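One structure below.
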Amino acid sequence: MSQLYLSSSPHVHSGETTSAVMRAVIYSLIPACLVAVYFFGPSALSVLLIATLGCLATEAVCQRLMRQPVTISDGSAAITGILLALNLPPTCPWWMTLLGAVIAIAVGKQVYGGLGANPFNPALVARVVLLISFPVQMTTWSKPAPIGSGLDLVTTATPLGEWKNAVMLTGKMPEAASGSTINYLLGNMPGCVGEVSALALLLGAAYLFYRKILTWHIPVTFVGTVVVLSGIFWLVNPAKYPDPIFHLLTGGLVLGAFYMATDMVTTPVSPKGMLIFGVGCGVLTVLIRLFGGYPEGVSFAILLMNAATPLIDRYTRPKIFGALKAEGAK
Amino acid sequence: MSLVNNIKKSIWAENAVFRLLLGLCPALAVTTSAENGLGMGLATTFVLVCSNIVVSSLRKVIPPKVRIPSFIVVIASFVTIVQLCMEAYFYDLHKALGIFIPLIVVNCLILGRAEAFASKNKLLPAVVDGVGMGIGFTLALFVLGAVRELFGSGTLLGYSVFGEGFQPLLLMILPPGAFIAMGLLLAGMNLFDARKK
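Right, here's the structure in full:
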C-alpha cells in the first residue's frame, strides 16, 4: 500500500513550469534588445547587462539572507532586469541602473515574499522610484545613433516630451513633428532603451501569443482604450492634441501594454477582470499624457491599476459551477 | 524601579510609532529631516506630559460621559501654547512643520494615553508615562527623519555627509519614501527582537 499516493486535483499537468514561461518571455524580448543595441549602441548594452546582472545578484543575496532556497535560475529576476533596462533611458549612468535593479528586487519583490507575492510590477516600481528621485537623468534622452552611422548620442526630447513642452508653452502642437510614422514604428526616435521599436516588441508579443502565454484581453483593451480616447480628443481639437497613431507608437505604450501590464502576478486573473484592468490602464494613460505633469503616463497607469487589482479580482470572482443565486436579496 | 522600567518599555517594547503604530500622520509627514522630526517629537512630548498631568489630576472630576471632549479641550489648550511659543521663538521650525503643529490636537498617541493611562492612574505614574512615551515618540521621529534626510538630501542635521558627488535619492524625502523607510525600520526592529530570543 505504500505505493498509493493520494493528492487533490488537478491531476493532469500541462508540463508548463515557471522557468519555461520565463524562458519564453526572455526569448520574446530578444528582438527589442537587439533593436535597442543597434540604435543606441554600447550604452544600451551596458544598461541591459547591468540591470539584468544586478537583479540576479540582488535576488541571490536577498534569498541567502532570508535563508531561503536561491531561485535565480527560474528566470523571473532576469526578466525583471531586462524589463527594467528596457524602461530606462540609454544614457542612464551605471550606478542608477544598479540602484534600480536593487530596488526592483529588494523593495519591489522580496519584501513582499518573492515571486508571486508582489502587488506591484517590480521593474515599474524601480523605474518610478528612479524617475521621481532623479528627474534630470531619467528624462535626458538621446537621438538614436545606429551602429555604423558614426554618430554620437545627442541629447534631445522624446516626441511625447516635445509635444508636452509645446502645449505647455503655446497651447498648440509643435510645428514640425520630429519624426515620421515609419520611424516611430521601427524605433528610430529618442526614448527608453526598449520602448522605441513598436515593431520589435510586437514581434516578440506575437511569439508569446503563439505560445499562449499572453492572452489578448489586457493588451487589446489597453491599446484600444488609448486609441479611442485619444482619437476623440484629436477629432475635437486636432490643433492641440496629437493623433492616435502618435500616441500608439511613441512613448512606452506598446512595451507597457504587452509586457508590463500582462505580468501574471500583478494583474487580475479572470478575463472580465483583465478587460477592466486594460480599460483602466488606457484611460489613466491618456489622462496623464494629455493633462498630467509628466509627458508619459504608462508606468504610473499600470502601477495604479496594479493597486486596484485585488479589488477587481474580488468584484469579478467567477460564480462557482452549480452555485445557486443568493435568495431573499432584499 | 518600576518607573524606570516603564520608561524603558515605552522607548522600545511599546514604542509609540514602531510598536503601537500611533501618531503615524505626523511621523510620516514631517520627518523630511532629522531636525523636523526632533522638533515635532519635542512639541508632542510637551503636550503629552502636560495633558497627562491635567487629565490625571482631574480624573475624578471629569464625568465619564463627556471625557473625550474634555480631554480634547485640555490637549488643544496645550497645543495652542506650543504653537504660539514656537511661532515666537523657533519661527523656521514653525514654518517647516506648518499645519502639523495644530494637528497635534488629534494625534491619537496623546488622546490614547489620556484615555488608556492618565485617566486611570495617579499623577506620578501618569507623568512618567507621558515622559516615556514622549521620549519614545521623539526618538522614533528623529531616527526616521535622520534616515530620510541622510538618503534624501545627503545630509544629517544639515551637515553634508557624503560629499559633493552624492546624488540624493529624492524619493526618500517625498511621501512614498516615508512609508518605505518606516516599513524597513519596523522590519529591522522585528529582526532585532527575533534574533535576541
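Chains as they are written, first to last, in numbering that gives the first Met the number 0: chain A, 0 to 329; chain B, 0 to 196.
Quick reminder that beta carbons are idealized off the backbone N, C-alpha and C, glycines included.
Just so we're clear, the structure is a prediction, and the values are computed from it rather than from any experiment.
{"Item": "Under the three-state reduction of DSSP, which class applies to L184(B): helix, strand or coil?", "Value": "helix"}
{"Item": "Where in the segment 20 to 92 of chain B do unbroken runs of the alpha helix (DSSP H), each at least 4 residues long, occur, reported from the N-terminal end onward?", "Value": "23 to 28, 33 to 56 and 66 to 88"}
{"Item": "Only counting runs of 4 or more residues, tell me where the alpha helix (DSSP H) segments fall wholly within the segment 233 to 307 of chain A, in order along the chain.", "Value": "243 to 248 and 270 to 290"}
{"Item": "When you compare only the Cα positions, how much space is there between P189(A) and L83(B)?", "Value": "54 Å"}
{"Item": "Just mark S1(B) as buried or exposed, buried being the case when its beta carbon has 16 or more other beta carbons within 10 Å.", "Value": "exposed"}
{"Item": "Report yes if the CB atom of C54(A) is closer than 7 Å to the CB atom of A23(A), and no otherwise.", "Value": "no"}
{"Item": "Following the continuous alpha helix (DSSP H) through R112(B), name the residue where it begins and the one where it ends.", "Value": "C107 to A115"}
{"Item": "Assign W140(A) to one of three DSSP states: helix, strand, or coil.", "Value": "strand"}
{"Item": "Thinking G347(A) and S18(A) are a contact (beta carbons under 8 Å), I'd like their distance in whole angstroms, please.", "Value": "In this structure chain A extends from 0 to 329, so residue 347(A) is not present and cannot be described."}
{"Item": "Note the first and the last residue of the continuous alpha helix (DSSP H) segment covering W94(A).", "Value": "W93 to V101"}
{"Item": "Quick test of your reading: G131(B) and L21(B), contact by CB under 8 Å. State the CB separation rounded to the nearest angstrom.", "Value": "Not confirmed; about 14 Å, so no contact."}
{"Item": "Where are the alpha helix (DSSP H) runs, 4 residues long or more, that stay fully inside the segment 19 to 81 of chain A, in chain order?", "Value": "41 to 64"}
{"Item": "Does the beta-carbon distance from P89(A) to V192(A) come in below 7 Å?", "Value": "yes"}
{"Item": "What's the gap between the Cα of P121(A) and the Cα of E58(A)?", "Value": "12 Å"}
{"Item": "So, does the segment 156 to 163 of chain B touch the segment 119 to 131 of chain B, judging by three or more C-beta pairs under 8 Å?", "Value": "no"}
{"Item": "Select from L96(B), G97(B), N35(B) and E114(B) the residue whose C-alpha is nearest the C-alpha of V73(B).", "Value": "E114(B)"}
{"Item": "Given that L170(B) touches chain A, what residues does it touch there, using C-beta distances under 8 Å?", "Value": "V128, I131 and S132"}
{"Item": "For P158(A), count the other beta carbons within 10 Å of its own beta carbon; 16 or more makes it buried, fewer makes it exposed. Which is it?", "Value": "buried"}
{"Item": "May I ask you to list the residues that DSSP assigns as paired with L122(B)?", "Value": "Beta-bridge pairing links L122(B) to no other residue."}
{"Item": "List the residues of chain B whose Cβ lies closer than 8 Å to the Cβ of V106(A), in chain order.", "Value": "I179"}
{"Item": "Closer than 8 Å is the cut-off here; do at least three beta carbon pairs connect the segment 220 to 230 of chain A with the segment 255 to 273 of chain A?", "Value": "yes"}
{"Item": "Which partner residues does L155(B) have in the DSSP bridge list?", "Value": "Y158(B)"}
{"Item": "Using the beta-carbon of each residue, which ones in chain A are nearer than 9 Å to L143(B)?", "Value": "Result: empty, since nearest Cβ-Cβ is about 17 Å, beyond 9 Å."}
{"Item": "Assess contact between the segment 143 to 155 of chain B and the segment 49 to 58 of chain B, defined as three or more Cβ pairs (one per stretch) separated by less than 8 Å. Is contact present?", "Value": "no"}
{"Item": "Please report the distance separating the alpha-carbon of M181(B) from that of L27(B).", "Value": "8 Å"}
{"Item": "Among N106(B), C107(B) and E86(B), whose alpha-carbon lies nearest the alpha-carbon of G97(B)?", "Value": "E86(B)"}
{"Item": "Cβ of S18(A) less than 7 Å from any chain B Cβ?", "Value": "no"}
{"Item": "I think I80(B) touches S69(B), with their Cβ atoms under 8 Å apart; what is that distance to the nearest whole Å?", "Value": "About 18 Å separates the two Cβ atoms, so there is no contact after all."}
{"Item": "Contact check, V135(A) vs S298(A) under 8 Å by CB: the rounded distance?", "Value": "With a Cβ gap of about 18 Å, V135(A) and S298(A) do not count as contacting."}
{"Item": "Starting from the C-beta of I311(A), find all residues in its chain whose C-beta is less than 7 Å away, skip the five residues before and the five after it, and write them out in chain order.", "Value": "P267, G272, I275 and F276"}
{"Item": "With DSSP as the reference, label E148(B) as helix, strand or coil.", "Value": "helix"}
{"Item": "Between the alpha carbons of V78(B) and Y88(B), how many angstroms are there, rounded?", "Value": "15 Å"}
{"Item": "My output table needs one value for G203(A): the three-state DSSP class, helix, strand or coil.", "Value": "helix"}
{"Item": "A125(A) by DSSP, collapsed to three states: which one?", "Value": "helix"}
{"Item": "Which chain A residues are close to L173(B), counting only those with a beta carbon under 9 Å from its beta carbon?", "Value": "I131 and S132"}
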